[in-house]
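Undergrad: Per the working numbering: the sequence shown = residues 22 to 248.
All C-beta atoms in this analysis are idealised placements derived from N, C-alpha and C, irrespective of residue type, glycine included.
All figures in this text were calculated on a predicted structure; none of them were measured in a lab.
Quick one: the structure is below, questions incoming.
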Amino acid sequence: HKRHKYLMESLKGRLQQETKYLSKLNHHQLIGIKYFDDISKKIPRDEIIIIEKILKKVILDMSKDFIVTICGSYRRGRPRSGDVDTLITHTSIKTKSDLESSGKDVLTKIVFMLENLGFLVDHLTEGSTTKYMGVCICPKKGKIARRIDIRLVPYESYGAAILYFTGSKTFNTNMRTHALQKNFKLSEYGLFKMENGKEKEQVSCPNEKDIFKVLDYPYAEPPERDI
């Protein structure tokens with residue numbers, strides 16, 4: 022982290038000498054410029070398969086009770102994706118309050134391990150309880166920098182989060198509408214029973230299939246949701 026901070030300050034210093042405009046860019050914008058050519062390219066599916074293996078190896082070595090899922094267009098079966106959208110949970114992090122009390126330590130440790138491997142090469146966020154955003158490099162695929170997000174979510178909400186971040190947007194909208202008709206509210210944060218237009222209680226749904234069953238909605242495999 023010290024070396025990363027030094028390099029960013031050094032870069033800002035050089036920019037300050039060269040132009041009065043670039044020196045005013047924030048950290049996120051500087052990262053965007055640094056990796057612009059790489060992160061503007063789509064990521065082939067076979068590369069994300071390798072990235073998935075790396076993530077699962079590192080995280081599951083920490084504890085077998087972690088669950089790791091790469092969502093987005095990758096999970097829907099697309100041949101290319103814009104970024105690596107990763108969801109993780111742990112069976113001991115059951116609720117939102119569990120996440121608030123231990124999430125920061127968990128996510129910090131995961132990021133530390135992945136950075137030490139040389140997999141994570143730059144950070145857009147630091148110290149968050151629930152979400153990491155950064156840049157990774159797959160060691161076996163030409164060392165092209167890729168955007169990666171890692172979200173830590175409560176176990177009882179994991180199915181809802183997977184459903185939301187898998188998409189597509191149209192599929193999610195259709196299912197949320199159906200949920201409202203059944204007096205439920207469905208979002209990335211969970212499935213909630215509704216009463217008189219207000220959330221009454223959360224329905225535990227560690228697996229997204231639990232949501233389809235509760236809502237009596239025909240289950241669709243992820244590739245079938247690419248609509």
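Please state the DSSP three-state secondary structure of residue 211.
TA: Locating residue 211 in the sequence shown gives position 190, counting from the first residue. Residue 211: strand per DSSP, three-state reduction.
Undergrad: Which residue comes first and which comes last in the alpha helix (DSSP H) that contains residue 93?
TA: Taking the first residue of the sequence shown as 1, we reach residue 93 at position 72. It spans 93-96 - the alpha helix (DSSP H) in which residue 93 sits, taken as one unbroken run.
Undergrad: Within the continuous beta strand (DSSP E) that includes residue 224, where are the two ends?
TA: Residue numbering aside, residue 224 sits at position 203 when the sequence shown is read from its first letter. From DSSP, the beta strand (DSSP E) with residue 224 extends over 219-224.
Undergrad: Give the single residue among 245, 122 and 83 whose Cα lies nearest to the Cα of residue 190.
TA: By 1-based counting over the sequence shown, the position of residue 190 is 169. Answer by Cα proximity: 245.
Undergrad: Cβ of residue 210 within 9 Å of Cβ of residue 117?
TA: For the purposes of this step, residue 210 is identified with residue 189 of the sequence shown, where counting begins at 1. For the purposes of this step, residue 117 is identified with residue 96 of the sequence shown, where counting begins at 1. Contact: yes.
Undergrad: CB-CB under 6 Å to residue 192, same chain, minus the five flanking residues each way: which ones, in chain order?
TA: Position 171 of the sequence shown, counted from the first residue, corresponds to residue 192. Closer than 6 Å at the Cβ level, and outside the excluded window around residue 192, lie 246 and 248.
Undergrad: Looking only at DSSP bridge pairs, what is residue 172 linked to?
TA: Residue mapping note: residue 172 aligns to position 151 of the sequence shown, counting from 1. Residue 172 pairs with 108 and 152.
Undergrad: If we count the other Cβ atoms within 10 Å of its Cβ and call it buried at 16 or more, is residue 101 buried or exposed?
TA: Taking the sequence shown and counting its residues from 1, one reaches residue 101 at position 80. Exposed is the call here.
Undergrad: If residue 88 sits next to residue 75, beta carbons under 8 Å apart, how far is it from one beta carbon to the other, in whole angstroms?
TA: As a working mapping, residue 88 is identified with position 67 in the sequence shown. As a working mapping, residue 75 is identified with position 54 in the sequence shown. Rounded, the Cβ-Cβ distance is 16 Å, inconsistent with contact.
Undergrad: Evaluate the contact criterion for the stretch 221-235 versus the stretch 180-188: three or more CB pairs, one atom per stretch, below 8 Å.
TA: Yes: at least three Cβ pairs fall under 8 Å.
Undergrad: How long is the line joining the alpha carbons of residue 1 and residue 196, rounded to whole angstroms?
TA: This structure leaves residue 1 out entirely; the chain is present only between 22 and 248.
Undergrad: Find out if the Cβ-Cβ distance for the pair residue 107, residue 90 is shorter than 9 Å.
TA: Walking along the sequence shown from the start, residue 107 turns up at place 86. Walking along the sequence shown from the start, residue 90 turns up at place 69. Yes.
Undergrad: In terms of DSSP beta bridges, what is residue 144 paired with?
TA: Counted from its first residue, the sequence shown places residue 144 at position 123. Looking at the DSSP assignment, residue 144 forms a beta bridge with 155.
Undergrad: Have a look at 152, 84 and 62 and flag the residue whose alpha-carbon is nearest the alpha-carbon of residue 174.
TA: Within the sequence shown, residue 174 is the residue found at index 153, counting from 1. Out of 152, 84 and 62, 152 has the C-alpha closest to the C-alpha of residue 174.
Undergrad: Among all the DSSP beta bridges, which residues are the ones paired with residue 88?
TA: Taking the sequence shown and counting its residues from 1, one reaches residue 88 at position 67. For residue 88, which the question treats as bridged, DSSP gives the partners 110.
Undergrad: Considering just the uninterrupted stretch of the alpha helix (DSSP H) at residue 200, what are its terminal residues?
TA: Reading the sequence shown from its first residue, position 179 is the one you call residue 200. Here the alpha helix (DSSP H) through residue 200 covers 190-202.
Undergrad: Starting from residue 206, follow its DSSP beta bridges and name the residues at the other end.
TA: Stepping through the sequence shown from its first residue, residue 206 is reached at position 185. BP columns for residue 206 point to 213.
Undergrad: Quick check: residue 112 and residue 143, are their CB atoms within less than 9 Å of each other?
TA: Locating residue 112 in the sequence shown gives position 91, counting from the first residue. Locating residue 143 in the sequence shown gives position 122, counting from the first residue. Contact: no.
Undergrad: Identify the residues that DSSP records as bridge partners of residue 101: which are they?
TA: The residue labelled residue 101 in the question sits at position 80 within the sequence shown. Beta-bridge pairing links residue 101 to 65.
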